[in-house]
Structure formats: C-alpha cells, structure tokens
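Residue numbers (the working numbering): 23 to 263.
For glycine and all other residues, C-beta sits at the position ideal for the given N, C-alpha and C.
These numbers were taken from a predicted model, which means no experiment stands behind them.
Data first, discussion second: the structure below is written as structure tokens.
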C-alpha cells in the first residue's frame, strides 16, 4: 500500500479489503499516555514483539508510550468478524510514507454486540530511522491516527491526532570554542544537520533548533564560495567523531 500511496496508483483491491454479510460501526476513539486510564498496559502489551536479539538499549524502543482504544459494534443482523487496522502518519520531518500500519486485530461479534479494541504504540512505533545520527528518533510535531478497515482512505472510520513537542525531547547542551577561526567551515548543503570542521580535523554534527545570536565570522561554503558567517545556536544534539 505504501507504493500505491507514493505513486498515486489506484489498486483493484486495497490492502485489507474484504466483504461481510453484516455491518460494523466504530465509535469512542480515545488516545492516552500508556499506563494511564482504566486499562493496564501489561494486559495488552505483547511480549513477542521484543525479539531475542534486543539488548537493554534497544529494549527501550519497545516501551509502551500511547494506548489507543475504540469500540466496534456489529450493527447488522448476523454474526460476523471485522479487522480494525491502525494507521499512523508521521510529521513531515520524519519523511515517512503517507501512512504506516501500526496494528490490527480481528474481532468476532454477534448481531448487536460491541467490543472495545485496544492498540499499544511503542516508542519504536512512533520513531523513524535517522540516517545522519544513525539511531531511532522521535520527530516532534503532529501525528495522525486513523482507524480503518483497509488501506483505502475512504474506509477510515475514526481519526484523531496527538502532538510531540521539543519539550518531550532531551536536549544536550554543549559549547565549543575555536581559537583558529580561519580554519572553521560550516557545511550548509544539508539544511538541518550541519557538519563543522575545525583545524584539528574533528567533525561535529549539529541538529540546529534555532540561532540565538551572532558572535563572530566563520567561513561558510553554501554555494561554492566562501562567505563570512557567524552564529550561536541551540542544538538538539551534538555528536563528535
């Protein structure tokens, strides 16, 4: 379905497509921080999602962070089953597909019966692989949540959003002083991640949040020529190698 979304291809049958002799309705969509509310995360958390190769560092990726609940009702006249699917849209910064599948569950209901369905989003579910920093990263911004019965946008039954801001990110503050300013260069080819080289041939990768003041001139090469540039900036991460 990702390929079809990316290239605007209309498939004959969407992922998750199916027919039923009865009808289903969806209601009461809620999203809460994991562990809060009347439901215990431990009763929903599937341990088989953690593979044997995970270690202490990677196991944190599988910590539950959000619990999504909604109600499915068999509004028809006969017994039947439905497969609710959870899709997530990331903020633009993550450069993820238009929607990604994050859960599904088959529900069996007799006529008139209702059942509450719960999905757990782990930290990994809301993370993308940052190729620059070489680690799983949670992008700040608005995440869209869709409950659907197929990958067809027309089949979306419920939707909501939640926000993750910079206040939820751990910001590491570091200050660097360069004595020989003539040998400093800032590579601005990449707009968000800048590589700074000093005379000792050290490389600093900086995720700039915003510039707070101007201090001195450095040599910048944004378009083939050296220009005077200056700046103090607040950084979300600084990795030295």
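Closest in alpha carbon position to residue 178, among 24, 47, 30, is 47. Ranked by how close their Cα comes to the Cα of residue 135, the residues 36, 40, 185, 97 have 97 in first place. Residue 152 is bridged by DSSP to 157. For the pair residue 105 and residue 85, the Cα-to-Cα distance works out to about 25 Å. Runs of the beta strand (DSSP E) lying entirely within the region 71-140, each at least 3 residues long, are 86-96, 102-104, 107-111, 122-126, 129-131 in chain order. By the neighbour-count criterion, in which a residue is buried when 16 or more other Cβ atoms sit within 10 angstroms of its Cβ, residue 128 is exposed. The beta carbon of residue 126 sits closer than 6 Å to the beta carbons of 105, 107 from its chain, once the five residues preceding and following it are set aside; these are given in chain order.
By the criterion of a C-beta distance shorter than 8 Å, residue 132 is surrounded in its chain by 96, 101, once the five residues flanking it on both sides are discounted.
Assigned with DSSP and collapsed to three states, residue 185 falls in strand. Listed in chain order, the non-local C-beta contacts of residue 181 below 8 Å within the same chain comprise 51, 166, 167, 168, 169, local neighbours out to five positions each way being set aside.
Taking C-beta separations shorter than 8 Å and ignoring five residues to either side along the sequence, the partners of residue 144 in its chain run 71, 83, 84, 85, 86, 87, following chain order.
Taking 8 Å as the upper bound for CB-CB distance, residue 164 and residue 183 are in contact here, some 5 Å apart.
Going by C-alpha positions, residue 31 is about 11 Å away from residue 174. Of all alpha-carbon atoms in 28, 122, 137, the one lying nearest the alpha-carbon of residue 148 is that of 122. By alpha-carbon distance to residue 138, the top candidate from 45, 117, 92 is 92.
Distance between residue 26 and residue 116, taken at the CA atoms: about 19 Å.
Taking C-beta atoms under 8 Å as the contact rule, residue 160 and residue 142 fail to qualify, at a distance of about 16 Å. CA-to-CA, the gap between residue 43 and residue 90 works out to about 28 Å.
Spatial neighbours of residue 38 in its own chain (CB-CB distance under 7 Å, excluding positions within 5 residues in sequence) are listed in chain order as 105, 107, 171, 172, 173. By the 16-neighbour rule on beta-carbons within 10 angstroms, residue 153 is exposed. Residue pairing of residue 49 in beta bridges, as defined by DSSP: 93. In the three-state reduction of the DSSP assignment, residue 28 falls in the helix class, which pools H, G and I.
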